[in-house]
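J.:
In our numbering, the protein residues as written are 69 to 516.
1) Just the C-alpha distance for residue 105 and residue 113, rounded to the nearest angstrom, thanks.
2) Do the CB positions of residue 329 and residue 413 come within less than 8 Å of each other?
3) Report yes if the C-beta distance between residue 341 and residue 298 is below 8 Å; otherwise report no.
4) Let me see if you follow: with CB-CB separation under 8 Å, is residue 250 close to chain D or not?
5) Which ranges does the beta strand (DSSP E) cover as unbroken runs of at least 3 residues, wholly within the stretch 159-193, from first to last along the chain?
6) Tell me where the beta strand (DSSP E) around residue 105 begins and ends.
7) Measure the Cβ-Cβ separation of residue 485 and residue 445 and say whether it is below 8 Å.
8) Spatial neighbours of residue 123 within its chain, please: C-beta separation below 7 Å, excluding the five flanking residues on both sides.
9) Give me, in chain order, the residues of the same chain whose beta-carbon lies closer than 8 Å to that of residue 267; leave out the 5 immediate sequence neighbours on both sides.
10) List in chain order: all unbroken alpha helix (DSSP H) runs of 4+ residues lying wholly within the stretch 237-320.
11) Is the stretch 295-312 close to the stretch 252-262, with three or more CB pairs under 8 Å?
12) Ignore the nearest five residues each way along the sequence and tell me which others in residue 433's own chain have a CB closer than 8 Å to its CB.
13) Using a Cβ-Cβ cut-off of 6 Å (strictly less than) and excluding sequence neighbours within five positions of residue 398, which residues of its own chain qualify?
14) Is the beta carbon of residue 359 closer than 8 Å to that of residue 346?
15) List the DSSP bridge partners of residue 360.
16) Check the C-beta distance from residue 191 over to residue 343 and give it rounded, since I have them as a contact under 8 Å.
17) Check for me: the beta strand (DSSP E) holding residue 437 runs from which residue to which?
18) If I measure Cβ to Cβ from residue 195 and keep anything under 6 Å in the same chain, skipping five residues before and after, which residues do I get?
19) Tell me whether residue 102 sits in a helix, a strand or coil according to DSSP, three-state version.
20) Taking the Cβ atom as the reference point for each residue, do residue 206 and residue 479 lie within a distance shorter than 8 Å?
21) Taking 8 Å as the cut-off, decide whether the C-beta atoms of residue 111 and residue 128 are in contact.
22) Looking at the unbroken alpha helix (DSSP H) that takes in residue 517, where does it start and where does it end?
23) Is it the case that the Cβ atoms of residue 242 and residue 281 are separated by a distance below 8 Å?
24) Which same chain residues end up closer than 6 Å to residue 174 when comparing Cβ atoms and leaving out the 5 residues on each side of it in sequence?
25) Taking contact to mean at least 3 C-beta pairs separated by less than 8 Å, is the stretch 376-392 in contact with the stretch 154-166?
26) If you run the structure through DSSP and keep just helix, strand and coil, what is residue 406?
27) Output needed for residue 285: all residues of its chain with C-beta closer than 7 Å, excluding positions within five of it in sequence on either side, in chain order.
28) Figure out for me which residue from 100, 74 and 85 has the closest Cα to the Cα of residue 94.
29) Locate the alpha helix (DSSP H) running through residue 518, then write down its first and last residues.
30) Say whether the stretch 174-183 touches the stretch 377-386, bearing in mind that this needs 3 or more beta-carbon pairs closer than 8 Å, one atom from each stretch.
31) DSSP beta-bridge partners for residue 208?
32) Along the chain, where does the beta strand (DSSP E) that runs through residue 487 open and close?
33) Which class does residue 420 belong to by DSSP, given the choice of helix, strand or coil?
34) Quick one: complete beta strand (DSSP E) runs, 3+ long, within the stretch 444-492?
35) Going by Cα to Cα distance, which pick from 411, 327 and 271 is closest to residue 441?
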């Protein structure tokens with residue numbers, strides 16, 4: 069058998085990875101998958117506890133999705149949407165408009181969460197330009213925001229570890245504090261929410277005529293550490309934006325497709341964003357695909373003769389790829405045929421109960437955050453003072469390395485251990501995932 073680990077170290081540059089450490093490590097190489105498990109080149113099986121970085125929805129090698137891709141291969145793998153249309157991209161667009169908030173009417177495809185947000189930014193900016201409001205160019209974001217890694221998306225970001233080095237390349241944005249009660253122990257969740265909303269109102273008072281849009285992850289900020297917003301925050305932001313004629317762009321890249329217990333997080337509070345960005349679970353975790361949905365009102369602002377120069381000059385070579393769209397159509401059909409969201413409710417409750425019983429009592433767990441299948445376990449050196457572990461100890465990374473010995477794949481966000489399993493996880497697999505997580509936290513932290 070080929071030495072895949074050595075070949076990886078010789079040729080690959082991995083994302084979000086300090087390669088000097090990687091080159092000294094024993095690389096885990098995945099060769100196959102089945103259901104909710106990944107299988108390495110040695111034949112060892114691992115429960116996919118983070119859905120292969122938050123993308124897998126119905127499990128690996130899902131028959132219906134596999135077959136949809138095979139059938140599409142017998143027709144055409146890809147054709148451009150520049151000057152042509154394609155049946156899979158039309159079918160998927162129709163499905164997306166049917167399941168997203170009722171005001172969203174048009175679909176623009178791209179290939180990643182970053183590009184979905186980038187498209188949303190450019191549409192919001194040009195929308196106001198097309199209407200004659202040339203001063204509306206500012207965007208408001210939440211602190212600790214993460215919306216991807218293209219320059220526009222990074223400009224919205226607030227995670228210094230990822231973004232600070234690129235500051236000279238970025239455009240200016242405005243920011244309000246994330247309503248994160250754990251970071252403000254002196255405030256109640258309601259007071260925390262009001263603090264953020266007050267800051268939003270003040271920014272609008274100061275810059276209102278220059279603000280194009282508010283961009284946010286609804287309900288949960290994923291890469292910020294699975295921060296769950298207080299109830300009602302999203303709807304209040306929407307109300308404020310509508311009152312001041314500011315577009316609301318909701319980044320549902322991580323929260324979409326059942327992760328929060330609803331198809332989309334905005335449904336929890338009855339919010340209808342002007343622009344919605346989708347990716348990750350859109351294709352069921354099979355192929356790169358993203359979509360940016362907009363209202364009819366926004367779309368209409370781009371209509372006119374060629375010499376009106378209102379055209380949205382943006383696109384990608386693989387926009388609306390036929391194989392990816394076929395996979396996405398099958399993924400959405402499974403939600404309906406297998407009543408995925410209905411059956412997910414009991415799983416979410418079981419996950420909550422197991423976490424409360426096994427993880428919450430551990431003395432190194434400062435905060436346990438859950439919204440549906442999205443879980444963040446914040447590790448601390450002292451839970452009474454909320455004192456963090458020294459960063460050089462890298463406790464989150466050590467826990468996720470330790471749990472591999474139990475046959476589970478996780479990936480941390482700093483010292484936040486993240487669980488984000490496929491919606492197809494069984495009750496027994498949920499119990500095992502939580503039990504193994506608790507044991508690995510114990511193994512690593514007890515000796516620190």
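Glycine included, every Cβ here is placed at the ideal spot set by N, Cα and C.
It should be emphasised that the depicted structure is a prediction, and the values quoted were computed from it without experimental measurement.
T.: On the basis of the supplied data:
1) Your numbering for residue 105 matches position 37 in the chain shown. Your numbering for residue 113 matches position 45 in the chain shown. Taking the Cα positions, residue 105 is about 6 Å away from residue 113.
2) In the chain shown, counting from the first residue as 1, residue 329 sits at position 261. In the chain shown, counting from the first residue as 1, residue 413 sits at position 345. In contact: residue 329 and residue 413 (Cβ atoms closer than 8 Å).
3) The residue labelled residue 341 in the question sits at position 273 within the chain shown. The residue labelled residue 298 in the question sits at position 230 within the chain shown. Not in contact: residue 341 and residue 298 (Cβ atoms no closer than 8 Å).
4) Absent from the structure is chain D; it holds one protein chain and no more.
5) Fully enclosed beta strand (DSSP E) runs of no fewer than 3 residues occupy 172-178 of the stretch 159-193, in order along the chain.
6) If you number the chain shown from 1, residue 105 lands on position 37. Looking at the DSSP string, the run of the beta strand (DSSP E) that includes residue 105 is 105-108.
7) Taking the first residue of the chain shown as position 1, residue 485 is located at position 417. Taking the first residue of the chain shown as position 1, residue 445 is located at position 377. The criterion of a C-beta distance shorter than 8 Å is satisfied by residue 485 and residue 445.
8) If you number the chain shown from 1, residue 123 lands on position 55. So the list reads 348, 349 and 353, once near-sequence residues are dropped.
9) Position 199 of the chain shown, counting from 1, holds the residue named residue 267. Cβ neighbours of residue 267 within its own chain (closer than 8 Å, five residues either side excluded): 244 and 245.
10) Here the runs fully enclosed are 257-275 and 301-311.
11) Yes: the two stretches touch, three or more of their Cβ pairs being nearer than 8 Å.
12) Indexing the chain shown from 1 puts residue 433 at position 365. The answer, listed in chain order, is 427, 445, 446, 447, 448, 451 and 509.
13) Stepping through the chain shown from its first residue, residue 398 is reached at position 330. For residue 398, the CB contacts under 6 Å within the same chain, skipping 5 residues up- and downstream, are 132, 133 and 136 in chain order.
14) For the purposes of this step, residue 346 is identified with residue 278 of the chain shown, where counting begins at 1. For the purposes of this step, residue 359 is identified with residue 291 of the chain shown, where counting begins at 1. Result yes, Cβ atoms of residue 346 and residue 359 sit closer than 8 Å.
15) Taking the first residue of the chain shown as 1, we reach residue 360 at position 292. Per the DSSP secondary-structure output, residue 360 pairs in a beta bridge with 176 and 345.
16) The residue labelled residue 191 in the question sits at position 123 within the chain shown. The residue labelled residue 343 in the question sits at position 275 within the chain shown. Separation of the CB atoms of residue 191 and residue 343 is rounded to 6 Å, and the pair is thereby assigned contact status at 8 Å.
17) Taking the first residue of the chain shown as position 1, residue 437 is located at position 369. 433-439 is the span of the beta strand (DSSP E), which, as asked, contains residue 437.
18) As a working mapping, residue 195 is identified with position 127 in the chain shown. For residue 195, where only same-chain residues beyond five positions count, the Cβ hits under 6 Å are 366 and 369.
19) The residue you call residue 102 lines up with position 34 of the chain shown. When secondary structure is reduced to three states using DSSP, residue 102 falls in the strand class.
20) Position 138 of the chain shown holds residue 206. Position 411 of the chain shown holds residue 479. Contact flag unset, no.
21) Taking the first residue of the chain shown as position 1, residue 111 is located at position 43. Taking the first residue of the chain shown as position 1, residue 128 is located at position 60. Residue 111 is not a Cβ neighbour of residue 128, given a cutoff of 8 Å.
22) Look at the range of the chain in this structure, 69 to 516, and you will see that residue 517 is not part of it.
23) The residue you call residue 242 lines up with position 174 of the chain shown. The residue you call residue 281 lines up with position 213 of the chain shown. Residue 281 sits away from residue 242, with the two beta carbons spaced by 8 Å or more.
24) Working through the chain shown from its first residue, we reach residue 174 at position 106. Closer than 6 Å at the Cβ level, and outside the excluded window around residue 174, lie 362 and 367.
25) Yes, the stretch 376-392 is in contact with the stretch 154-166.
26) Residue 406 sits at position 338 when you count from the first residue of the chain shown. In the structure shown, residue 406 sits in coil (DSSP, three-state: anything other than H, G, I, E or B).
27) In the chain shown, the residue the question calls residue 285 occupies position 217. Excluding five sequence positions before and after residue 285, the CB atoms of its chain that fall closer than 7 Å to its own CB belong to 319, 322 and 323, given in chain order.
28) Within the chain shown, numbered from 1, the residue matching residue 94 stands at position 26. Nearest to residue 94 by alpha-carbon distance, out of 100, 74 and 85, is 74.
29) Any property of residue 518 remains undetermined from this structure, which presents the chain solely from 69 to 516.
30) Flag = yes, the stretch 174-183 and the stretch 377-386 touch.
31) Taking the chain shown and counting its residues from 1, one reaches residue 208 at position 140. According to DSSP, which records beta bridges pairwise, residue 208 is partnered with 242 and 282.
32) If you number the chain shown from 1, residue 487 lands on position 419. Here the beta strand (DSSP E) through residue 487 covers 484-487.
33) Position 352 of the chain shown, counted from the start, is the residue given in the question as residue 420. When secondary structure is reduced to three states using DSSP, residue 420 falls in the helix class.
34) Counting only runs of 3 or more, we get 484-487.
35) Here the question's residue 441 lines up with position 373 in the chain shown. Considering only alpha carbons, the answer is 327.
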